[in-house]
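Student: Just so you know, the sequence shown maps onto residues 265 to 1188 in the working numbering.
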Amino acid sequence: MSIYNDYLKEIEDRKLQGLHPKPIDSAELLSEIITQIKDVNNVHREESLNFFIYNVVPGTTPAAAVKAVFLKEIITAASDVKEISNAFAFELLSHMKGGPSIEVLLDLALGNDVAVAKEAAAVLKTQVFLYDADTDRLKEAFKDGNVIVKEILESYAKAEFFTKLPEVVEEIKVVTYIAGEGDISTDLLSPGNQAHSRSDRELHGKCLISPEAQNEIQALQIQHPDKSVMLIAEKGTMGVGSSRMSGVNNVALWTGKKASPYVPFINIAPIVAGTNGISPIFLTTVDVTGGIGLDLQNWVKTLDQNGDPIRNESGDPILEEVYSVATGTVLTINTKTKKLYNGEQELIDISKAFTPQKMEFIKAGGSYAIVFGKKLQTFACSTLDIEAVPVYAPSREVTVEGQGLTAVEKIFNRNAVGITAGKVLHAGSDVRVEVNIVGSQDTTGLMTSQELESMAATVISPIVDGAYQSGCHTASVWDSKSKANIPRLMKFMNDFGLITARDPKGVYHAMTDVIHKVLNDITIDEWAIIIGGDSHTRMSKGVAFGADSGTVALALATGEASMPIPESVKVTFKGDMKTYMDFRDVVHATQSQMLQQFGGENVFQGRIIEVHIGTLTADQAFTFTDWTAEMKAKASICISEDDTLIESLEIAKGRIQIMIDKGMDNHKQVLQGLINKADKRIAEIKSCEKPALTPDANAKYYAEVVIDLDIIAEPMIADPDVNNADVSKRYTHDTIRPLSFYGGVKQVDLGFVGSCMVHKGDLKILSQMLKNIDEQYGKVEFKAPLVVAPPTYNIVDELKAEGDWEVLQKYSGFEFDDNAPKGEARTGYENILYLERPGCNLCMGNQEKAAKGDTVMATSTRLFQGRVVEDAEGKKGESLLSSTPVVVLSTILGRTPTMDEYKAAVKGINLTQFAPSHKLLVNK
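(1) So if DSSP puts Met-502 in a beta bridge, which residue, or which two residues, is it bridged to?
(2) When the Cα of Thr-427 is compared with those of Thr-684, Ala-657, Gly-686, which residue comes out closest?
(3) Between the segment 633-643 and the segment 391-402, can you find at least three pairs of beta-carbon atoms closer than 8 Å?
(4) How long is the line joining the alpha carbons of Trp-1069 and Ala-671, rounded to whole angstroms?
(5) In chain order, what residues of the same chain have a beta carbon less than 7 Å from the beta carbon of Phe-1078, not counting five sequence neighbours either side?
(6) Give a yes or no on whether the C-beta atoms belonging to Gly-505 and Arg-994 are separated by under 9 Å.
(7) Leaving out the 5 sequence neighbours to the left and right, which residues in its chain are closer than 8 Å to Met-623 when beta-carbon positions are compared?
(8) Got a sec? Which residues, its chain only, sit under 7 Å from Glu-978 by beta carbon, not counting five neighbours each side?
(9) Taking the DSSP output, what are the residues bridged to Asn-531?
(10) Looking only at its chain, what residues have a beta carbon closer than 6 Å to the beta carbon of Phe-760, apart from the 5 residues adjacent to it on each side?
(11) The alpha helix (DSSP H) spanning Trp-563 covers which residue range?
(12) Find the nearest neighbour of His-359 within the set Leu-369, Tyr-526, Ser-419, Asn-677, judged by alpha-carbon distance.
(13) Where does Thr-822 fall in DSSP's three states?
(14) Can you give me the C-alpha to C-alpha distance between Asp-960 and Leu-1184, rounded to a whole angstrom?
(15) When you compare only the Cα positions, how much space is there between Leu-560 and Glu-1066?
(16) Hey, is the segment 574-593 in contact with the segment 845-858, meaning 3+ C-beta pairs nearer than 8 Å?
(17) Taking the straight line between their C-alpha atoms, what separation do you get for Asp-572 and Val-564?
(18) Ignoring anything shorter than 3 residues, give me the beta strand (DSSP E) runs that lie fully in the segment 847-915, in order along the chain.
(19) Who does Pro-1002 pair with in a DSSP beta bridge?
(20) In the segment 413-485, which residue ranges form an unbroken alpha helix (DSSP H) of at least 4 residues, counting only runs that do not cross its ends?
(21) Shortest alpha-carbon distance to Ala-811 belongs to which of Ile-267, Phe-315, Glu-367, Ile-545?
(22) Tell me which residues share the same chain as Met-719 and place their Cβ nearer than 8 Å to its Cβ, disregarding the 5 neighbours each side in the sequence.
(23) Can you tell me which of Gly-1117, Val-991, Ser-461, Val-778 puts its alpha carbon nearest to the alpha carbon of Gly-1138?
(24) Does Glu-968 pass the burial test, meaning 16 or more other C-beta atoms within 10 Å, or should it be called exposed?
(25) Would you list the one or two residues that DSSP bridges to Arg-575?
(26) Helix, strand or coil: how does DSSP classify Ser-262 here?
(27) Pick helix, strand or coil for Ser-312, following the three-state DSSP scheme.
(28) When you compare the segment 1139-1153 with the segment 1038-1049, are there three or more beta-carbon pairs, one atom per stretch, that lie closer than 8 Å?
(29) Go ahead and label Leu-567 buried or exposed: buried means 16 or more other beta carbons lie within 10 angstroms of its beta carbon, across all protein chains shown.
(30) Which word fits Lys-1028, buried or exposed, when buried means at least 16 other C-beta atoms lie within 10 angstroms of its C-beta?
(31) Assuming contact is defined by CB atoms lying nearer than 9 Å, are Leu-283 and Leu-517 in contact in what I supplied?
(32) Would you mind reading off the limits of the beta strand (DSSP E) that contains Gln-609?
(33) What ranges does the beta strand (DSSP E) occupy inside the segment 1107-1171, keeping only unbroken runs of at least 3 residues that lie completely in it?
(34) Would Val-835 pass as a contact of Ile-975 if the rule is Cβ separation under 9 Å?
(35) For Ser-295 and Val-330, I'd like the C-alpha separation in whole angstroms.
(36) Look at Leu-913 and Phe-1016 and say whether their C-beta atoms are less than 9 Å apart.
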């Protein structure tokens, strides 16, 4: 049977799912289609033409290369297709976004046929996705005196690929759709358990919110054909949680507009909004698609006569509606006045959504085109030896005379490119920075590879110190979906230049370690900037930003990222931590005390948390920096003492060496290069040439928070508060409750110790607790299942060497076997200890889940509805987040422990302790 017949069969199968033919990325399939097009008598010729024109994935896909070559044949008269004129062939090339299409256009522009060369030049003048191989050809042709190339370069120098685009329309009519009340997680827009389908955009689009919501959106579109549907998080923030480009893609698929008539299922320009604005990570993905994100502020706190918030019985501020955005409300966005209107009534200023830079993103159809356009203009001006014409909005440069720098301001100033020489920048400045470390995770990696193909990138930027492709999100279950997707992803990324968790050649053992742990290990400089394809990219060395798959692709391809320097909030500690408390409790208490100190205002949201931990190594400190995603911070920076940082770097070196010993380094010896850089950094610290990073004493912060360790007297639990009468208060991570709140009677159906929030110390705590319980009662009996997933293989190996893994094996009823990985997810759990394969496991929720309606006590990061546990008929599932000892004891008891039970259980156990630094961690 031919490949084409297989494709037709797939089309019939997709019809049963209500889907169109899958976009073509296979060179073999498209070659067969082209053969049928050339045969004028072929029965499949008409549909083959349609597939060729409208259903091929652009960029650097194998199919795109075949399409570009055939279009070249048509233009040069080597092939004759009456339906595709030369003009139409050039139009199709203009929509292919770089790579093979640029190569073909350059071939034609540099050819001997002057007429064809001019047509090719006209198309090239509209393109921005050119790389070194392309610009090198232009430079050489210019040196040789090619007149047409000179015209192309002159066009690039004036950035005509941007200036000749249509201007942003002044008025945008929208009709509102309330997607949910309270914070809207990206899990609602792109559920984790559908991660396998993200690279099939039409199929994945079917998981947006719910079928009912999709029908309601379509009904609004029919009723308002001239308006865009604006998705809203009423009384909440839009797009909290994971950094999912797939979430924005789904919103754009249902409410945006087609990027190209010849590119299937890639839509741009979605419009989203939230009462409390848009999550910083999600807003970046909106920018990538040229969309609009609005901060509505349509609900505000009710104030008393003294200006203080009026509170309800629960102590929460009472809100009052300023204006309605109920589903079906027609509003007008004015991009000139930068105001939101209902008819003639002005509702709110929305100028933050229409800064000069964001207007450029909207005009260009996304931020990528601006990034590449600026680089292309710079290249052209340099080649022509002329000054660049100011075309793009100048980067905002904020300098405050006499004001010191926060830690993030120092890092951004060191890594900035293209800024005014000698200028020191403060928060609010727009900066293009070099990126040191990049991470791609496996459930978004296929989308990252697609983004790289779409921007015609073929190799990692030499600027990047190191990059890693993880396998942690698909570690739990090696099913048919994983087998179909992950090997293909690993080969692509390995070829691109990343260190990969799985070896495409099958030589080294698969390493399914949690991506954040690996990135934390390979970050060997606290001055580094890290970009990762997950919201928990929050290293305890350097400053790390969780990002969408597109921003990750851009960092890999260019070695750069662009963003304003964020404001910082300084967090310090006082008092003494009680011996029976765990550092996880300090992390939760930080969020609780901050909210109390600022009257319920989350001062962390959208800002950098500069946490002066000082004395905790990177492994332990990561528990804090990791949780800052749940605090809705943009990122975090850990300020360490010199000796602590040196210890952390030595640990990192050891972990990287293990990766090298496994055979994971590549021909460029990236991992060895990281060890060398770590050695250099350690030497700088020891010699006092360059001590550990600290902020200036006179730096300015948005706010300063002092956490009192003395008042943290009980384990602190993050509660989803699933039955709160105010729906907007559910699943927020802001409800932090002491253990005593539950009175020792709340049933716990399953426990989970795992995720990026735990370190080796947590697994040692588990081992010690089991031994203590055995000694006390003569046995270890679980009244609820306890699932344990170590975050890394390194931890397992270290526990084996120290004797703790043997203890865990003794009390376990299941232990993972790498030689026989699970082929399907569990559907039920027994009351035993499960030792699962290193990776994300239950925390991700894409493979394993608790039983519907369960109450789960977990060390993980997320408590969103449906993430770890789904609702059952008549009972809501809930995931309470706590420290390891609370989780373990809850599964032994089958309920939450009392304080007396807890204290007795942890007596004599080495919990993760923390004492604030006695040094002033600032640069005087």
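We put the beta carbon where it would ideally sit given N, CA and C, even for glycine.
Tutor: Taking the geometry as given:
(1) Ile-448, Ile-542
(2) Ala-657
(3) Yes: the two stretches touch, three or more of their Cβ pairs being nearer than 8 Å.
(4) Straight through space, the alpha carbons of Ala-671 and Trp-1069 are spaced by roughly 39 Å.
(5) Within the same chain, Phe-1078 has close Cβ partners Ile-1096, Tyr-1098, Leu-1099.
(6) no
(7) Val-432, Thr-599, Ala-657
(8) Pro-1002, Leu-1003, Ser-1004, Met-1163, listed in sequence order.
(9) Lys-522
(10) Ile-724
(11) Not the alpha helix (DSSP H): Trp-563 falls in the beta strand (DSSP E), residues 563-565.
(12) Tyr-526
(13) helix
(14) 11 Å
(15) 55 Å
(16) no
(17) 12 Å
(18) 872-878, 899-904
(19) Met-980
(20) Listed in chain order, they are 424-427, 450-453, 465-469.
(21) Comparing C-alpha distances from Ala-811 to each of Ile-267, Phe-315, Glu-367, Ile-545 shows the shortest one belongs to Ile-545.
(22) Gly-323, Lys-361, Gly-362, Phe-393, Tyr-632, Phe-636, Ala-817, Leu-818, Ala-821
(23) Cα-wise, what sits closest to Gly-1138 is Gly-1117.
(24) exposed
(25) Residue pairing by DSSP places Arg-575 opposite Pro-581 in a beta bridge.
(26) No statement about residue 262 is possible, as the shown extent of the chain runs from 265 to 1188 and does not include it.
(27) helix
(28) no
(29) exposed
(30) buried
(31) Taking 9 Å as the Cβ cut-off, Leu-283 and Leu-517 do not qualify as a contacting pair.
(32) It spans 609-613 - the beta strand (DSSP E) in which Gln-609 sits, taken as one unbroken run.
(33) Every beta strand (DSSP E) stretch that sits fully inside the segment 1107-1171 and reaches 3 residues is listed by chain position as 1119-1122, 1142-1145.
(34) Not closer than 9 Å, so no.
(35) 7 Å
(36) no
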